[in-house]
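Peer 1:
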Amino acid sequence: MCIIASYGFARPVTDSLFLKHHGAQNLPLVYLLSPFVTALAIGFYNHFNVKYSLLRLLGCAAIISILVMLICLWMYELRLPGSVYMLYVWREVYMVLLVEIFWSLADTLFNLKSARRSYGLVLAIGSIGGFSNLMVGVLADHFGTSMALLGVVPCLGTCALLTWVFSKNLLVKPVVVDAQKRAVGLKALSVVKNSHYLLPLLFLIAIVQISVSLIDLQWNTFLEATYTDTDVRTGIIGKIHTVDNVLAAFLQFFAGYIIKLLGMGGVFVGIPVFLSVFVCSFIGSPRFMGAAILKISSKMFDYSLFRASKEMLYIPLSHAEKTQGKALIDILVYRIAKSSAALLMIFMLTFGLAAYSMHLVLALMVGWILLAGLIVKRYKSVVSLYNEEA
Numbered sequence: 000m001c002i003i004a005s006y007g008f009a010r011p012v013t014d015s016l017f018l019k020h021h022g023a024q025n026l027p028l029v030y031l032l033s034p035f036v037t038a039l040a041i042g043f044y045n046h047f048n049v050k051y052s053l054l055r056l057l058g059c060a061a062i063i064s065i066l067v068m069l070i071c072l073w074m075y076e077l078r079l080p081g082s083v084y085m086l087y088v089w090r091e092v093y094m095v096l097l098v099e100i101f102w103s104l105a106d107t108l109f110n111l112k113s114a115r116r117s118y119g120l121v122l123a124i125g126s127i128g129g130f131s132n133l134m135v136g137v138l139a140d141h142f143g144t145s146m147a148l149l150g151v152v153p154c155l156g157t158c159a160l161l162t163w164v165f166s167k168n169l170l171v172k173p174v175v176v177d178a179q180k181r182a183v184g185l186k187a188l189s190v191v192k193n194s195h196y197l198l199p200l201l202f203l204i205a206i207v208q209i210s211v212s213l214i215d216l217q218w219n220t221f222l223e224a225t226y227t228d229t230d231v232r233t234g235i236i237g238k239i240h241t242v243d244n245v246l247a248a249f250l251q252f253f254a255g256y257i258i259k260l261l262g263m264g265g266v267f268v269g270i271p272v273f274l275s276v277f278v279c280s281f282i283g284s285p286r287f288m289g290a291a292i293l294k295i296s297s298k299m300f301d302y303s304l305f306r307a308s309k310e311m312l313y314i315p316l317s318h319a320e321k322t323q324g325k326a327l328i329d330i331l332v333y334r335i336a337k338s339s340a341a342l343l344m345i346f347m348l349t350f351g352l353a354a355y356s357m358h359l360v361l362a363l364m365v366g367w368i369l370l371a372g373l374i375v376k377r378y379k380s381v382v383s384l385y386n387e388e389a
């Protein structure tokens, strides 16, 4: 809840500041910068997750995120060149790092049965934190958009404090790995490459995030054109993300029942089919409201059913696959996918093909459906072995 609450301040502020100073046309450039910083963060994370518990790493990462944010904000207030880019990259990296450390911790503590009951509830509690999106507009009106970013401090500070409190009773120790077997930094690629299960999941995450990023770029273009006042735009972004959280929370509360009813295959295939309907609707009528609905629906499913079912895929795997491999897929590949979306958008803008970006998303949905079927088939075989060992 605290992690998601912090993002309720970080995302609207950094989005609004970037649109003010650099415009939506430069968003692809900042997407290209994120993977380099993300790779550095993964290098440190994979180095320390074989030495320290994931709970301790989560607290430390929260504190470091606060310090980096304060430095970047100080640079912005001094009007130093590149400070807005730094704030945006910080927001891109810190959130995905904290969330993935949290879920790696969860995947080591829960078994499949308890995860099916609990993961939806855990996500719903996180969505409660997302209602901080409603506060960011109020703070922006009273203190200015940049100062609203300080709402991140109490959220992540509480997160760090809670990890310390929980560490007193929750015995979470690191899994010590032989030095020669450590997958440090990008060497974690070998963990993924040697897993017939993780490799297709890597491509699936890439396709999903490229699709969501292209939708996001389309949304920001309409947002910039419709709302020109920075503080008003910050409030609108906050309200849109509040709707995201409300709808996602509804799905999250019932995630266990939905996954049980439809099965992993039904959820993994059903999401892209459902999104394709909204994409087709937007292609037929490209308006601001259509872009907003497409944005909300993509995030709504990404934060709820897709996240809950995806995390369950990691539970039957080894510790290396749940930490090293997961970090590579869900942190680095996530950001590389956004960069790929940026390159695609730059290419399409250069050759006058930007109007067909949603047609590309529709094509990617087909790949999503095919990979989802393959992954679910392999998941069932892994689960059968997992149950036998249990």
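Numbering (numbering that gives the first Met the number 0), first residue to last: 0 to 389. Beta carbons: idealized from backbone N, C-alpha and C, even for Gly.
1. If we ignore side chains and look at the alpha-carbon of each, how far apart do Glu-99 and Gly-372 end up?
2. If you run the structure through DSSP and keep just helix, strand and coil, what is Phe-300?
3. Cα-Cα, which of Met-94, Trp-73, Lys-309, Pro-34 is closest to Ile-62?
4. Within 10 Å of its beta-carbon, does Gly-184 have 16 or more other beta-carbons around it, so buried, or fewer, so exposed?
5. Can you check which of these residues, Ser-82, Arg-115, Leu-79, Arg-286, is closest to Tyr-256 by C-alpha distance?
6. Please confirm whether Ser-117 and Ala-248 have their CB atoms less than 8 Å apart.
7. To which residues of the same chain is Ile-328 closer than 7 Å at the C-beta, ignoring the five residues directly before and after it?
8. Spatial neighbours of Ile-368 within its chain, please: C-beta separation below 6 Å, excluding the five flanking residues on both sides.
9. Return the chain-ordered list of same chain residues with a C-beta closer than 6 Å to the C-beta of Ile-41, the five sequence neighbours on each side being excluded.
10. Is the beta carbon of Pro-27 sitting closer than 8 Å to the one on Ile-345?
11. Which residue from Ile-292, Leu-363, Tyr-313 puts its Cα closest to that of Val-375?
12. Using 8 Å as the Cβ pair cut-off and three pairs as the minimum, do the stretch 6 to 24 and the stretch 282 to 300 touch?
13. For Lys-50, which of helix, strand or coil comes out of DSSP?
14. For Thr-37, which residues in the same chain have their Cβ closer than 7 Å to its Cβ, ignoring the five residues on either side in sequence?
15. Roughly how many whole angstroms lie between the Cα atoms of Val-137 and Lys-379?
16. Keeping to the same chain, check which residues put their C-beta closer than 6 Å to that of Ile-3; ignore five residues upstream and five downstream.
Peer 2: Let's see:
1. Start at 1 with the first residue of the sequence shown, and residue 99 comes out as number 100. Start at 1 with the first residue of the sequence shown, and residue 372 comes out as number 373. Rounded to the nearest angstrom, the two C-alpha atoms are 24 Å apart.
2. Counting from 1 along the sequence shown, the entry for residue 300 is found at position 301. Here Phe-300 sits in helix by DSSP.
3. For the purposes of this step, residue 62 is taken as the residue at position 63 of the sequence shown. That would be Met-94, whose Cα lies nearest to the Cα of Ile-62.
4. Counting from one through the sequence shown, the residue named residue 184 turns up at place 185. Because Gly-184 carries a pLDDT of 46, less than 50, the predicted location of this residue cannot be relied on, and the following value inherits that uncertainty. Buried.
5. Residue mapping note: residue 256 aligns to position 257 of the sequence shown, counting from 1. Comparing Cα positions, the closest option is Arg-115.
6. On the sequence shown, residue 117 is found 118 positions in, with the first residue counted as 1. On the sequence shown, residue 248 is found 249 positions in, with the first residue counted as 1. No, they are not a contact pair.
7. The residue given as residue 328 occupies position 329 in the sequence shown. Excluding positions up to five away in sequence, the list reads Val-191, Leu-197, Leu-200, Leu-201, Ile-204.
8. Working through the sequence shown from its first residue, we reach residue 368 at position 369. Only Val-268, Pro-271 meet the Cβ criterion.
9. Sequence index remark: in the sequence shown, residue 41 carries index 42 (1-based). Closer than 6 Å at Cβ, skipping near neighbours: Ala-326, Ile-330, Leu-331.
10. Start at 1 with the first residue of the sequence shown, and residue 27 comes out as number 28. Start at 1 with the first residue of the sequence shown, and residue 345 comes out as number 346. Contact flag set, yes.
11. Against the sequence shown, residue 375 aligns to sequence position 376. Residue Tyr-313 is the option with its Cα nearest to Val-375.
12. no
13. By one-based count along the sequence shown, residue 50 stands at place 51. If DSSP states are grouped into helix, strand and coil, Lys-50 belongs with coil.
14. Mapped onto the sequence shown, residue 37 falls at position 38. Result list for Thr-37: Val-92, Ile-330, Leu-331, Arg-334, in chain order.
15. Taking the first residue of the sequence shown as 1, we reach residue 137 at position 138. Taking the first residue of the sequence shown as 1, we reach residue 379 at position 380. Their Cα atoms are separated by approximately 48 Å.
16. Taking the first residue of the sequence shown as 1, we reach residue 3 at position 4. For Ile-3, where only same-chain residues beyond five positions count, the Cβ hits under 6 Å are Gly-125, Gly-128, Gly-129.
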